[in-house]
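K.L.:
Sharing a structure with you now.
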Amino acid sequence: MEEEAAKATETPQALPPLLERRVRQRKPAVSILKSKLMQGVKCSVPRVRSTLAGFFPVVRWLPKYKLKEYVWGDVMSGMIVGIILVPQAIAYCLLAGVEPIYGLYTSFYANIIYFLMGTSKHVSVGIFSLMSLMVGQVVDREVFLAGFDLNEDSAVSNPDAINGTLGTNLTLGKVHTVELMGMQCGKECYAISVAVTVTFLAGIYQVLMAVFRLGFVSVYLSAPMLDGFATGASFTILTVQAKYLLGLKIPRHQGYGTVVVTWINIFSNIHKTNLCDLITSAICISILVAGKEIQERYKDRLKIPLPTELVVVAGATLASHFGELNSRYGSSISGHIPTGFIPPQLPGFSLMSHVVLDAIPLAVISFAFTVSLSEMFAKKHGYTVRPNQEMLAIGCCNIIPSFFHCFTTSAALAKTMVKDSTGCQTQVSSLISALVVLLVLLFFAPFFQALQKCVLACIIIVSLRGALRKFRDVPAKWRASRNDAIVWMVTMSATALISVELGLLIGVIFSMICIIFKTQNPKVSLLGRVDDCDFYEDVEEYKNLVPPPQVQVFRFQAPLYYANKDSFLKALYRAVRVEPFLELTKRRKAEKKAKEASMKEAKANGEKNNRDVIVGLVQRELEFHTIVLDCSAMPFIDSAGLATFVGVAKEYKEIGVNVLLACCNTSVIDTLQKGKYFGENDKDMSSLLFHTVHTAVLHANSAAAGAESRSEDSEV
């Protein structure tokens, strides 16, 4: 006892002093706001120049352009991407539900605007299959609601039924029109009006997000969620395009379950398959897949990508033109594609109320893909991009072209990888790609008139190979992280089986729920000491750890807040195997029994009962006298977490167990101080809060030894 008392008196002298917090004097919010306003309204020539250079980064890097070093790579990559862009721009218009000429417009304007405003050197911005699909769903819905027939290349089959359903006046032989902005608009006019309106709104949202610096929204789009969303959308794209492979004229399904309903319609109409389209599709897919396989297998030897799409488009166009496949076999073709440009026109403001919500997912997904690709290639090549400027650039790539009959754009991974692999150095390559598209717009567009739609569908479907191959990675995802694999599968299934927009929403919500579930059920552990060191770790995870005598060290690896405070309490009770309320109940029952037994004995002996003796008899000895809460893995606590700490300390004190805190960060300490956890003026801080677990354990043993010696002295 003398040795333990000596140790108890020596230990506090060896303890490190309490760290002293710095006193931080924060400026009043009003003065901060005033200084920012004064700084923002200051105007000078250098400030104007800097602002313009920030909006148009091209003025910074273009004067430093190394002509001899960069020009060959930029010209080559720009021409190759431009050649790839032309057939894709025409093909993706099938997804968007608009005429092929508008895809060429979109690719032309987007490349020029991003050349002026983008901060990435390698990203290719333009028409993208996912954006085209999302635009197409909005276009088809609004076209259907306006009373137009969605069945392509056909007249209205049952005007009475449509008139009764929609309240419109459709008659055979009469072209149905809708008044829009003071003019009569047919089906194609109305379709592009819807597309440009939703594009304009998406661009407005993106610019507002850039102005208010809301780029952090993209952090809620996790990589597994985006992968699952892209894969599910790719499956939807494949389904929507399958009817073109068979030459079936089936209107796109409106509402949820597009994939299921479309495949049911395809199989129920399979007997109407156009053999000409089927044979053409089989030949084109074989050539395209063979070209992709050769490209992937010999990519180290091939200096430039094989222009397989262009070869297929050229060959199929010639075969369709000279074989007269449309007139002889009824094969669907692209139709006349005019040359030149259409005069600019305002978006349909009367349509904005219809599509105001549809533009939100378009804006977020377009921005997320663009920024993620920009940052990925910037890291690869050792430069930096500005996410806020990227959002502004992609917003302008949607707002300005919407006046020129264009639809929503985004960065595309496949074309960006082509640019990177063909020696792209700067965004001059985008300017070259725009010039290639311009040549087609001015001179070569009419030559694509005889191009079959099934060929365009083949190009779209083969381009989905990369996304659909993600199914092969599911086992590896599951082994690496079950949580990520589940998020991927849920998002993919919701996107493919319900709808693209709801799939995105479900994916975001489900990924957040997974994170909340992790914080509600985190890993908890009791810690032990490594030999004679002051290092403590999980006794279940590491061997040869010794728990400190009569002290339980508990670690909770999550923030403590309102959603997981009950989980914290249950885990603590389970770990230390003592629940204060139950322990008190047991003691009271034992006291009651002892009291009754004593009273019987006293009555038998004729003596008076001594209550103090009874209480001493029922007092149980626990295996520990102190609980140390290791808060090193606890980033923050809220008011509910503070109340939980207070309640735990109070409840365990009632059964003679002290609760100490260790390794708290400053955020947790500030919350505890504001809640007066350490008493008035923090008078008990030095005895309740410790900077290391070992210090807390030493203090606990010292305090217990001192209390024991005092109790023995009082007994003596």
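All you need for the working numbering is the position in the sequence shown, starting with 1, plus 31. Using N, Cα and C, we set each Cβ at its ideal position, and we do this for glycine too.
1. Looking at Thr-440 and Val-156, is the spacing between their C-beta atoms short of 7 Å?
2. Is the separation between the beta-carbon of Leu-116 and that of Ser-464 shorter than 7 Å?
3. Considering only residues of the same chain and omitting the five flanking positions on each side of Ala-2, which have a CB-CB separation below 6 Å?
4. Which residue spans inside the region 446–478 form an unbroken alpha helix (DSSP H) run of at least 4?
5. Would you decide whether Gln-215 is buried or exposed? Buried here means 16 or more other CB atoms lie within 10 Å of its CB.
6. With burial defined as no fewer than 16 other Cβ atoms inside 10 Å of the residue's Cβ, what is the status of Pro-580: buried or exposed?
7. Need the endpoints of the beta strand (DSSP E) that Glu-340 sits in, please.
8. Here's the rule I'm using: 16 or more other beta-carbon atoms within 10 Å means buried, otherwise exposed. How should Phe-160 be labelled?
9. With DSSP collapsed to three states, give me the class of Cys-216.
10. Look at the alpha carbon of Lys-624 and the alpha carbon of Glu-652, and state the distance between them as a whole number of angstroms.
11. DSSP state of Tyr-573, grouped into three classes?
12. How would you label Ala-442, buried or exposed, when you count the other beta carbons within 10 angstroms and need 16 or more for buried?
13. Should Lys-303 and Leu-341 be called a contact, given that it needs their Cβ atoms to be closer than 7 Å?
14. Using alpha carbons as the reference points, say which of Met-716, Asn-305, Ile-373, Leu-469 lies closest to Tyr-360.
15. Can the beta-carbon of Phe-139 be found less than 7 Å from the beta-carbon of Leu-469?
16. In chain order, what residues of the same chain have a beta carbon less than 6 Å from the beta carbon of Val-106, not counting five sequence neighbours either side?
17. For Thr-675, tell me which candidate among Phe-599, Met-665, Val-699 has the shortest Cα-Cα distance.
18. Met-523: which of Gly-534, Leu-269, Ile-373, Phe-612 sits nearest, CA to CA?
19. Going by C-alpha to C-alpha distance, which of Ala-122, Gly-134, Val-112 sits closest to Phe-372?
20. Hey, how far is the Cα of Leu-126 from the Cα of Glu-406?
21. Using three-state DSSP, classify Glu-568 as helix, strand or coil.
22. Spell out the partners DSSP gives Leu-536 in its beta bridges.
23. Can at least three beta-carbon pairs, one atom from the region 703–712 and one from the region 666–675, be found at a separation below 8 Å?
24. If you run the structure through DSSP and keep just helix, strand and coil, what is Asn-14?
25. Expressed to the nearest angstrom, what Euclidean distance is found between the alpha-carbon atoms of Cys-662 and Ser-542?
26. Given this structure, state the Cα-to-Cα distance separating Phe-400 from Val-89, to the nearest angstrom.
27. According to DSSP, what are the bridge partners of Ile-668?
28. Use the C-beta contact count for Tyr-329: other C-beta atoms within 10 angstroms, 16 or more gives buried, fewer gives exposed.
29. Less than 7 Å separating the beta-carbons of Asn-429 and Gly-167?
30. Could you spell out where the alpha helix (DSSP H) holding Asn-142 opens and where it closes?
31. Would you tell me roughly how many angstroms separate the C-alpha atoms of Gly-737 and Ala-516, rounded to the nearest one?
32. Can you name, in chain order, every residue of its own chain whose Cβ lies under 7 Å from the Cβ of Phe-408, other than the five neighbours on each side?
33. According to the neighbour-count rule (16 or more other Cβ atoms, all chains shown, within 10 Å of its Cβ), is His-730 buried or exposed?
34. Please state whether DSSP places Glu-682 in a helix, a strand or coil.
35. Please return the same chain residues whose Cβ sits closer than 6 Å to the Cβ of Ile-275, not counting the five positions on each side in sequence.
36. Please name the residue in Val-209, Ile-544, Val-402 whose C-alpha comes closest to that of Asn-419.
P.N.:
Well, looking at it:
1. yes
2. yes
3. Since the first and last residues shown for the chain are 32 and 747, residue 2 lies out of range.
4. 459–470
5. exposed
6. exposed
7. Counting along the chain, Glu-340 falls outside any beta strand (DSSP E), though it belongs to the alpha helix (DSSP H) covering 339–354.
8. Here the sequence assigns Ser to residue 160, which means Phe is not the residue at that position. Looking at its Cβ environment, which holds 16 or more other Cβ atoms inside 10 Å, Ser-160 is buried.
9. strand
10. 18 Å
11. coil
12. buried
13. no
14. Asn-305
15. yes
16. Ile-463
17. Phe-599
18. Gly-534
19. Gly-134
20. 28 Å
21. strand
22. Per DSSP, none; premise fails for Leu-536.
23. yes
24. Because the chain here runs from 32 to 747, residue 14 falls outside it and cannot be looked at.
25. 26 Å
26. 22 Å
27. Leu-591
28. exposed
29. no
30. 131–148
31. 55 Å
32. Ser-151, His-153, Val-154, Thr-447, Asp-451
33. buried
34. helix
35. A small correction: the amino acid at residue 275 is Tyr; Ile does not occupy that position in the sequence shown. Excluding residues within five positions, the ones whose Cβ falls inside 6 Å are Lys-484, Cys-485, Ala-488.
36. Val-402
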